[in-house]
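Some notes on the structure that comes next.
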Amino acid sequence: MSDLNDPRVFFAAERTLLAWNRTCLTLMAFGFVVERFGLFLHMLAPQMPQHLERGISFWVGLGFILLGSLMAVLAVIQYRRVLRTLKPVEIPDGYWINMAALSTLLLAVLGMVLSAYLTIGLK
Numbered sequence: 001m002s003d004l005n006d007p008r009v010f011f012a013a014e015r016t017l018l019a020w021n022r023t024c025l026t027l028m029a030f031g032f033v034v035e036r037f038g039l040f041l042h043m044l045a046p047q048m049p050q051h052l053e054r055g056i057s058f059w060v061g062l063g064f065i066l067l068g069s070l071m072a073v074l075a076v077i078q079y080r081r082v083l084r085t086l087k088p089v090e091i092p093d094g095y096w097i098n099m100a101a102l103s104t105l106l107l108a109v110l111g112m113v114l115s116a117y118l119t120i121g122l123k
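For the record, in the sequence shown the residue sitting at position 17 is 17 according to the UniProt record's numbering, with numbers rising by one throughout.
Structure follows, in structure tokens:
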């Protein structure tokens, strides 16, 4: 529990959540690049059969995307736990405290949608 009675404690927690948001987005973007790298290699080797297979790059990329989604959900859970320890004086009046959490949860949902699209789209 915080005893500072200072809104900077809340803003520090929000900045930490947004840093996790950026980290999760980076993991998902890297996963997408890794997943698509297999398709790039397939295009460079035209002598191979045209049947697309899910190689190691697909599974590693999908793992990064899902890891980013999971970490986004966990970051919101941690943020909400920190908010429960704050006193009302530490949260500015009229401030929308859930904007960062909602954007991070939206990122997690979009990562899961991307994972589903990539999984279903390569049949």
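Glycine is no exception: its CB is placed at the ideal position from the N, C-alpha and C atoms.
Determine the direct distance from the alpha carbon of residue j to that of residue i, and round the result to whole angstroms.
{"i": "Pro7", "j": "Val82", "result": "13 angstroms"}
{"i": "Gly61", "j": "Asp93", "result": "43 angstroms"}
{"i": "Trp20", "j": "Thr119", "result": "25 angstroms"}
{"i": "Asn5", "j": "Pro88", "result": "9 angstroms"}
{"i": "Leu18", "j": "Ser57", "result": "29 angstroms"}
{"i": "Leu25", "j": "Leu114", "result": "12 angstroms"}
{"i": "Tyr79", "j": "Trp59", "result": "30 angstroms"}
{"i": "Ala13", "j": "Ile77", "result": "12 angstroms"}
{"i": "Tyr117", "j": "Glu35", "result": "12 angstroms"}
{"i": "Ala40", "j": "Thr23", "result": "The residue you asked about is not Ala; residue 40 is Phe in the sequence shown. Distance between the alpha carbons of Phe40 and Thr23 is about 25 angstroms."}
Got a sec? Which residues, its chain only, sit under 8 angstroms from residue i by beta carbon, not counting five neighbours each side?
{"i": "Leu27", "result": "Phe64, Ile65, Leu67, Gly68 and Met71"}
{"i": "Met112", "result": "Leu66 and Ser69"}
Which same chain residues, not among the five before or five after residue i, have their C-beta less than 7 angstroms away from its C-beta?
{"i": "Ile97", "result": "Leu83 and Ile91"}
{"i": "Phe30", "result": "Phe64"}
{"i": "Gly38", "result": "Gly55, Ser57 and Phe58"}
For the ligand GDP, I want to know if residue i counts as a neighbour, meaning its beta carbon is within less than 8 angstroms of at least one of the ligand's heavy atoms.
{"i": "Leu18", "result": "With respect to the ligand GDP, the structure shown offers nothing to examine, as it has no ligands at all."}
With a threshold of 16 other CB atoms inside 10 Å of the CB of residue i, please say whether the residue is buried or exposed.
{"i": "Leu106", "result": "exposed"}
{"i": "Thr104", "result": "buried"}
{"i": "Val33", "result": "exposed"}
{"i": "Ala75", "result": "buried"}
Keeping to the same chain, check which residues put their C-beta closer than 6 angstroms to that of residue i; ignore five residues upstream and five downstream.
{"i": "Met73", "result": "Note on residue identity: the sequence assigns Val, not Met, to residue 73. So the qualifying residues of the chain are Ala108."}
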